[in-house]
Amino acid sequence: MKFFTPFRKKSPWVLHYNAGSCNGCDIEILAALGPKFDLERFGVINTGNPKQSDIFLVTGPVTYRSRERLVELYSQIPEPKVVVAVGSCTATGGVFRGMYNVEDGIDRYIPVDVYVPGCASSPQLIIDALVKGLEVLEAKSKEIEKPYKLFGAIETIANKLSRLNMATKVGQNEKD
Amino acid sequence: MKKTIQIPLGSQHISLLEPIRFKFECENEKIIGVDADVGFVHRGVELACTRSFEFKQVGYVVARVCGLCAITHSLSYTLAVEKLLGYVANDRIKYLRMLMVELDRIHSHMLCLAHTAENAGFEALFMQIMGDRELIMDVQEAISGNRVQFDYISIGGVNRDLTPELVALTHKNLGLLSEKIDALIGLFDNNWSLSLKYKGVGVLSLEEAYTYNALGPLARAAGLATDVRAETSDFPYEALGYTMILESTGDIHARNFVRLREIVNSIAMCRNIIENLPIGEIQEKAKGKPNGEAVVRVEAPRGELFYLVRGSGQNMLDRVRIKTPTFSAIPAMMEVFKGAEYADAPAILASFDPCMSCTAK
Amino acid sequence: MKKIETTLSTLLRDIGAFYIPKLWHFLSVNGIDLGEGKIELQWIFSAYGVKDEIVIYYVLSDYNTPVPSLVSLIPSAIMGEREIVDMFGLTVDGAESGLYLDEDSRTHPLRGES
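Protein chains in written order, with this note's numbering: chain A, 1 to 176; chain B, 1001 to 1361; chain C, 2001 to 2114.
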């Protein structure tokens, strides 16, 4: 874990999924990875594999048929993960809002960390979103590395960690 | 024991920009049967055009059917409504519309070439073509205000005018691009390893092209002389130096070459347009409500785009039928896959330049 | 644009006599809901290399009558036929549902209320 942390800090790998977008944001993501904007100089690589990805770039309002794939892909990305919603229609449904086969934005299905506006989002905005996503990713990584208790809250008595209720037997504290 | 194996491709795959799922029935490495699921991005634009939006708004809605050929979608719809309103645009509007459509064709073809190169294993060529493509994106952004999804065309005209600075920028970038395309033509023609990946792979014969109603670059690569630009009289294409590009072999190499030579032709046409731009208003009043039925065909980068609009004199239209190029090319595409090697499938698929958001609407 | 009316029973014969693959490009099948359970079905063709030549065969029908399939004449008609099966809930022999919607979808978006 410690070995990989510095690499992941600046070089997230992204997974791109089109959940019903018009292709506009998708080609802008390609352009952002291309030579002019060149996200790859930071080590951002578009992987096709959810299990190697840190950032999930989603475009499009979720269509009825792509919703299962979206949730499936999201659940296959290992923690910590960041979801970036690229484009207006990904955030709210945009121009497609209310159409019969559209689910009005991806936050109905998966939690979103960064929203990118624009129809279509420009490559500059996508780069900004990934930089923002890196901050979220770092915060999430720190959160994961904190020790936490399985049962009950951590209590302190006189600034010292209390071990009285650290662990309980099964059924010990159950009221009924 | 079963003789064939089934290999799925998609719906999420590194070589795919958009979700499409193929089920290849393979015998050893040979593909003998294909099944495709193309409905992943179906949103229901056709219904929304008649229920949720008024006819003046629909032009901007149908542009969101596809981001790559958005301008051809809004152009076809606008032409259809203008036919119903009995309005004929002046020459300046026609020229400006043609200019944007041809610029769109150049960048779309370049994206397809880049994608084909990437799927054949040439990451560096992909990057090179994507870099060259930015020249056109810059022109588009300067003229229309947005890189993609520029809502440039509206009923009765276009939304922005061409200033002398823009003409100079367009000339400069087209000149730069023209040299790069010449270099690319040499590369695609002579590079030995590219020819291994492209020549004789994914062949569509002329007979098959007729039988399966192939269209666009797919048909022209097989030698089928069809191009909506030559089959409609809405725009003065011939006067501006349009020539039909035909190849005969029908493989990936031929499709790449049709695209490369069409880029050269489009660059020449763009130059002619901005040099001979007539004087006139860019926005005129088109009065009335659409009444009756009109059909319009426009050559999108992938082939023929067809719109049927029917209205009954009200703000809401009765029917907007969108027939997109990839939608009708799918039977021909399935035919090309049969008999090909499985390892070539991503490159063959990219060479069709499929647009699923067009297909599923 | 030329519009020719025909009927569902004579459709295959008419189009069989008309359609020559080297002259005509088959565009699409189209349906237009006319309200009150009626539908207009269109088969659209364009000519290769001729300016502005479009021929539309159309049939006035209702939702319950099965539509004959043109796949034996025009293999690429399968896409358009699958689409009208999904969008209008028509029956076309040989065309499966499930192109855009679920295979067992009960709603057909472009079908008018009847």
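For every residue, glycine included, the Cβ atom is placed at its ideal position computed from N, Cα and C. Computed from a prediction, not measured in an experiment: that's the story for all the values here.
Assign residue i to one of three DSSP states: helix, strand, or coil.
i, result
"Ala1343 (chain B)", "helix"
"Thr59 (chain A)", "strand"
"Phe1235 (chain B)", "coil"
"Leu15 (chain A)", "strand"
"Pro117 (chain A)", "coil"
"Phe1024 (chain B)", "strand"
"Arg69 (chain A)", "helix"
"Ile1129 (chain B)", "helix"
"Gly94 (chain A)", "helix"
"Leu2099 (chain C)", "coil"
"Thr42 (chain A)", "Checking the displayed sequence, the identity of residue 42 (chain A) turns out to be Phe instead of Thr. DSSP places Phe42 (chain A) in helix when its eight states are reduced to three."
"Ile110 (chain A)", "coil"
"Ile2074 (chain C)", "coil"
"Ala158 (chain A)", "coil"
"Glu103 (chain A)", "coil"
"Thr1116 (chain B)", "helix"
"Ala1332 (chain B)", "helix"
"Ala1314 (chain B)", "For clarity, residue 1314 (chain B) is Gln in the given sequence; the question names Ala instead. Coil, per DSSP."
"Ser2061 (chain C)", "strand"
"Pro197 (chain A)", "The structure shown has nothing for residue 197 (chain A), since chain A only spans 1 to 176."
"Ile2004 (chain C)", "strand"
"Lys1361 (chain B)", "coil"
"Tyr74 (chain A)", "helix"
"Ile1136 (chain B)", "helix"
"Ala1350 (chain B)", "helix"
Output the distance between the C-alpha atoms of residue i and residue j, rounded to the nearest integer angstrom.
i, j, result
"Arg2111 (chain C)", "Ala85 (chain A)", "34 Å"
"Asp1227 (chain B)", "Gln1006 (chain B)", "37 Å"
"Leu2008 (chain C)", "Asp2062 (chain C)", "11 Å"
"His2108 (chain C)", "Glu1134 (chain B)", "42 Å"
"Ile1136 (chain B)", "Ile1263 (chain B)", "11 Å"
"Ala1340 (chain B)", "Ala1350 (chain B)", "14 Å"
"Glu1238 (chain B)", "Met1269 (chain B)", "10 Å"
"Ile1185 (chain B)", "Leu1218 (chain B)", "18 Å"
"Glu143 (chain A)", "Val1309 (chain B)", "56 Å"
"Pro1354 (chain B)", "Ile2020 (chain C)", "27 Å"
"Ser1193 (chain B)", "Glu1179 (chain B)", "23 Å"
"Val114 (chain A)", "Ser21 (chain A)", "17 Å"
"Pro1290 (chain B)", "Ser1076 (chain B)", "15 Å"
"Val136 (chain A)", "Thr92 (chain A)", "21 Å"
"Ala1209 (chain B)", "Glu1304 (chain B)", "14 Å"
"Ile2054 (chain C)", "Ile1330 (chain B)", "22 Å"
Can you pull the chain B neighbours of residue i, defined as C-beta to C-beta under 7 Å?
i, result
"Pro35 (chain A)", "Met1127, Met1130 and Gly1131"
"Ile2078 (chain C)", "Pro1331"
"Ile144 (chain A)", "The premise fails here: Ile144 (chain A) is roughly 26 Å from chain B at the closest Cβ pair, so nothing lies under 7 Å."
"Phe2139 (chain C)", "The requested residue 2139 (chain C) does not occur in the structure, where chain C is confined to residues 2001 to 2114."
Report the neighbours of residue i on chain C: residues whose CB is nearer than 7 Å to its CB, in chain order.
i, result
"Tyr100 (chain A)", "Pro2109"
"Phe1235 (chain B)", "Those within 7 Å of Phe1235 (chain B) in chain C number zero; the least Cβ separation is about 12 Å."
Using the beta-carbon of each residue, which ones in chain A are nearer than 7 Å to residue i?
i, result
"Ser1048 (chain B)", "Reading the sequence as shown, one finds Ala at residue 1048 (chain B) and not Ser. Per Cβ cutoff of 7 Å: Met99."
"Cys1066 (chain B)", "Cys22 and Asn23"
"Gly1039 (chain B)", "Arg65"
Per DSSP, what are the beta-bridge partners of residue i in this structure?
i, result
"Thr47 (chain A)", "A:Leu15"
"Ile2054 (chain C)", "C:Ser2046"
"Trp2024 (chain C)", "C:Ala2047"
"Asp2033 (chain C)", "C:Ile2039"
"Tyr1307 (chain B)", "B:Val1296 and B:Ile1322"
"Gln1006 (chain B)", "B:Glu1025"
"Val2067 (chain C)", "C:Val2092"
"Val86 (chain A)", "A:Thr59 and A:Val116"
Under 8 Å Cβ-Cβ, which residues of chain C neighbour residue i?
i, result
"Gly1044 (chain B)", "Pro2109"
So residue i contacts chain B; which residues on that side make the cut at Cβ distance below 8 Å?
i, result
"Gly2049 (chain C)", "Ala1225, Thr1226, Ala1230 and Glu1231"
"Tyr17 (chain A)", "Gln1012 and Pro1019"
"Asp26 (chain A)", "Leu1017, Glu1018 and Gly1067"
"Ala120 (chain A)", "Gly1067, Asn1146, Arg1147, Val1148 and Gln1149"
So which residues on chain C does residue i lean against when the C-beta distance must stay under 9 Å?
i, result
"Ser1108 (chain B)", "Under the 9 Å cutoff, chain C gives no residues; its nearest Cβ is about 21 Å from Ser1108 (chain B)."
At 8 Å on the CB atoms, spell out the chain A contacts of residue i, in chain order.
i, result
"Ile1014 (chain B)", "Asn46, Thr47, Gly48 and Asn49"
What residues from chain B crowd round residue i, counting only those whose CB sits closer than 9 Å?
i, result
"Ser11 (chain A)", "Here the premise fails: no neighbours, minimum Cβ distance about 18 Å."
"Arg69 (chain A)", "Ser1011, Gln1012, Pro1019 and Phe1040"
Check whether the Cβ of residue i sits closer than 7 Å to any heavy atom of the ligand FAD, and report yes or no.
i, result
"Val2029 (chain C)", "Ligands in the displayed structure: none, and consequently the ligand FAD is not present."
Give the residues of chain F in contact with residue i, contact being defined as C-beta atoms less than 7 Å apart.
i, result
"Thr1211 (chain B)", "Annotation note: the requested chain F is absent from the structure, which comprises protein chains A, B and C."
Restricting to runs no shorter than 4 residues, where is the alpha helix (DSSP H) found entirely within the segment 1234 to 1291 of chain B? Runs of the alpha helix (DSSP H) inside the segment 1234 to 1291 of chain B: 1252 to 1275.
Could you tell me which uninterrupted alpha helix (DSSP H) segments, each at least 4 residues in length, are contained entirely in the segment 1147 to 1235 of chain B, listed from first to last along the chain? The segment 1147 to 1235 of chain B contains these whole alpha helix (DSSP H) runs: 1164 to 1190, 1192 to 1198, 1206 to 1211, 1217 to 1221 and 1228 to 1231.
3-residue-minimum beta strand (DSSP E) runs that sit fully inside the segment 1021 to 1061 of chain B, ordered along the chain: Taking only runs of at least 3 residues, the beta strand (DSSP E) segments lying wholly in the segment 1021 to 1061 of chain B are 1021 to 1027 and 1030 to 1037.
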